[in-house]
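If you're matching them up, the sequences are chains A and B in order. Just so we're aligned, residue 181 is where the first sequence starts under this note's numbering, counting upward by one. Just so we're aligned, residue 181 is where the second sequence starts under this note's numbering, counting upward by one. Ideal Cβ placement from N, Cα and C applies to all residues, glycine included. Quick caveat: nothing in here was measured; it's all calculated off a predicted structure.
Protein chains: 2
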Amino acid sequence: MVTIESSIKVRLVKIGELAKLTGCSVQSIRHYEKEKLLATLRRSDGNFRLYDSATVDQLKFIKHCRSLDLSLAEIRQLIALNQQPGMGCEDVNRMIDSHIEQVALRINELQDLQDKLMALRTSCASQSTVKECGILQTLSVSRK
Amino acid sequence: MVTIESSIKVRLVKIGELAKLTGCSVQSIRHYEKEKLLATLRRSDGNFRLYDSATVDQLKFIKHCRSLDLSLAEIRQLIALNQQPGMGCEDVNRMIDSHIEQVALRINELQDLQDKLMALRTSCASQSTVKECGILQTLSVSRK
DNA sequence: CTTAAACTCTATGGTAACTATAGAGTCAAG
DNA sequence: CTTGACTCTATAGTTACCATAGAGTTTAAG
Ligand SMILES: [Zn+2]
Ligand SMILES: [Zn+2]
Ligand SMILES: [Zn+2]
Ligand SMILES: [Zn+2]
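This is how it looks when you write it as structure tokens:
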């Protein structure tokens with residue numbers, strides 16, 4: 181923790197403490213900076229990154245988005261939108277809708293996969309040899 | 181297509197035709213070779229890869245496995261097992277079981293995600309501005 | 001004041017399973 | 001024998017990081 185004198189006193193934290201405050205890793209934070217999701221406004225004399233509490237909140241926002249599996253590109257877009265408070269939010273809605281759709285698609289794919297895997301699994305009688313293993317035999321036959 | 185004279189005549193295909201026969205991309209095939217899943221037994225005088233029908237089958241096996249989302253490492257293991265016909269096939273069963281479990285876990289994760297996304301989506305009244313968008317507001321609040 | 005632990009810096013390489021180039025060489029038909 | 005289609009190797013890019021190396025900084029204790 182570092183306290184800097186200017187017109188106001190601001191509590192600044194180094195990257196390790198920011199990581200603890202938000203539950204992000206230090207590498208992630210540097211990565212977000214490289215990807216322009218998070219700015220480092222100050223550096224110490226020795227070139228250490230210093231963050232204020234607004235940045236802590238910004239990173240929490242990012243983390244929240246990531247927990248919903250939004251991509252860094254999508255988060256970047258949300259941040260940009262957030263800076264246009266007067267605009268309509270249809271783009272936000274569209275993004276979330278499309279995300280929901282992607283997730284639904286993926287769930288369906290995986291469910292199909294699961295069904296196929298279960299079917300495959302039943303083709304082996306547990307006490308079999310490799311030569312007679314129904315799983316390997318099934319895998320060797322191509323499907324249409 | 182190339183026909184080579186040895187003790188037997190063998191029909192050999194180049195990589196492009198192998199790709200068509202199996203539905204794999206040419207790059208995938210070369211990638212599988214680099215990853216030791218598929219051997220190139222012959223080359224033309226000009227160094228083109230030439231494949232026989234056994235290799236076509238081998239690639240179909242790989243493709244079938246990939247359609248079940250088995251990793252290349254797992255497929256490599258299955259191929260190795262296939263070459264030990266006398267052994268018990270418990271390892272095969274274990275691999276499929278563990279795969280099924282992974283897929284189930286992933287489905288659950290995605291379902292959780294889906295629920296959160298739907299809840300988030302309801303927080304926006306469609307005709308809103310960015311400043312008042314419930315989605316952005318929700319994302320700005322960290323959860324415990 | 002000095003030293004050592006703990007922290008941070010940049011840069012680089014790795015992950016998985018490919019896709020997409022670039023630039024050069026090969027093959028098959030006309 | 002030319003030309004277009006094909007193939008070759010090598011390299012970079014994809015995604016969101018993690019891991020490491022080697023160097024410098026900070027801070028607390030001695
Ligand atoms: Zn998305
Ligand atoms: Zn079996
Ligand atoms: Zn697996
Ligand atoms: Zn909205």
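- Close partners of residue 217/B in chain A (Cβ separation under 8 Å) are lacking, with about 13 Å as the shortest Cβ gap.
- Uninterrupted alpha helix (DSSP H) stretches at least 4 residues long and entirely within the stretch 214–261 of chain B occur at 233–247, given in chain order.
- The DSSP-derived three-state label of residue 190/B is strand.
- Taking non-hydrogen atoms of ligand 3 into account, the C-beta of residue 244/B is found less than 8 Å away from none of them.
- Per DSSP, reduced to three states, the secondary structure at residue 268/B is strand.
- No Cβ-Cβ contact shorter than 9 Å links residue 280/B with residue 229/B.
- In the DSSP assignment, residue 309/A forms a beta bridge with 268/B.
- Using a CB distance below 8 Å, the part of the stretch 263–294 of chain A facing chain B consists of 264, 265, 266, 267, 268, 269, 270, 272, 273, 276, 277, 279, 280, 283, 284, 286, 287, 290, 291, 293 and 294, ordered along the chain.
- Remark: the shortest separation between the CB of residue 258/A and any heavy atom of ligand 4 does not fall under 8 Å.
- In this structure, ligand 3 has a non-hydrogen atom nearer than 8 Å to the beta-carbon of residue 251/B.
- A direct Cα-Cα distance of roughly 10 Å separates residue 240/A from residue 198/A.
- For residue 321/B, the closest Cβ of chain A is nearer than 9 Å.
- Apart from sequence neighbours up to five positions away, the residues of its chain that approach residue 256/A with a beta-carbon distance below 8 Å are 215, 216 and 217, ordered along the chain.
- When 314/A, 291/A and 238/A are compared, the shortest CA-CA separation from residue 213/A is found for 238/A.
- The beta carbon of residue 284/A sits no closer than 8 Å to any heavy atom of ligand 2.
- With a cut-off of 8 Å, the C-beta of residue 247/B is classified as distant from ligand 3, since no heavy atom of the ligand falls inside that distance.
- For residue 315/A against residue 303/A, the beta-carbon gap comes to about 6 Å, under 8 Å, which counts as contact.
- At a threshold of 8 Å, residue 298/B does not count as near ligand 1, since its beta carbon sits no closer than that to any of the ligand's heavy atoms.
- Neighbours of residue 315/B across chain A, judged by C-beta separation under 8 Å: 269, 272, 273 and 276.
- In the three-state DSSP reduction, residue 203/B falls in the coil class, being neither helix nor strand.
- Counting only the Cα atoms, residue 192/A lies some 57 Å from residue 259/B.
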